[in-house]
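A.B. asks: Please find one structure pasted underneath; my questions will follow.
In my numbering, the protein residues as written are 1100 to 1229.
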């Protein structure tokens, strides 16, 4: 049996006015929104033209072990940045998960090692980078 304590760290966010809701799908039907979306080509893909699966592994960063700390939101945030860095520029960026976890907890004014909110983690990424 594995005696190592595994941190789970994710704290559910409080609802936010910007969250996706059941009514959100109706927003895309508005003409003013359609005019903004049309130049991007979004929403034009037909299900018949989409592949049944896509292999993204060549851009994925190595799997990391957060060990006993509750830094899963920071691991997810850094993993996302590393993925897009490799996909966009072809280079692996070994970013600091612990730095992101610490600045996230500072931003949210959380004490100890009780995890973090994913929304706070994304905010820390924007404010402090990695």
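Quick reminder that beta carbons are idealized off the backbone N, C-alpha and C, glycines included.
For residue 1176, which residues of its own chain have a beta-carbon under 7 Å away from its beta-carbon, when the five flanking residues on both sides are left out?
C.D. replies: For residue 1176, where only same-chain residues beyond five positions count, the Cβ hits under 7 Å are 1199, 1220, 1221 and 1224.
A.B. asks: How would you write the range of the alpha helix (DSSP H) that residue 1204 sits in, first residue to last?
C.D. replies: That run of the alpha helix (DSSP H) goes 1196-1206.
A.B. asks: Got a sec, what are the start and stop residues for the alpha helix (DSSP H) residue 1218 sits in?
C.D. replies: Here the alpha helix (DSSP H) through residue 1218 covers 1217-1227.
A.B. asks: Whose C-beta lies closer than 7 Å to the C-beta of residue 1100 among residues of the same chain, with five residues either side of it excluded?
C.D. replies: At residue 1100 the pLDDT is 44, less than 50, meaning the model places this residue with poor confidence and gives no usable figure here.
A.B. asks: Taking the runs of the alpha helix (DSSP H) that are 4 residues or longer, which of them lie wholly in the region 1170-1199?
C.D. replies: Whole alpha helix (DSSP H) segments, 4+ residues: 1171-1188.
A.B. asks: From residue 1214 to residue 1202, what does the alpha carbon distance come to, in whole angstroms?
C.D. replies: Taking the straight line joining both Cα atoms gives about 12 Å.
A.B. asks: Taking the alpha carbon of residue 1197 as the reference point, which residue from 1216, 1184, 1171 and 1185 has its own alpha carbon closest?
C.D. replies: Closest option to residue 1197, Cα to Cα, is 1171.
A.B. asks: Indicate whether residue 1216 and residue 1112 have their beta-carbon atoms separated by less than 7 Å.
C.D. replies: Contact flag set, yes.
A.B. asks: Sort 1164, 1153 and 1173 by Cα distance to residue 1228 and report the nearest one.
C.D. replies: Among 1164, 1153 and 1173, the Cα nearest to that of residue 1228 belongs to 1173.
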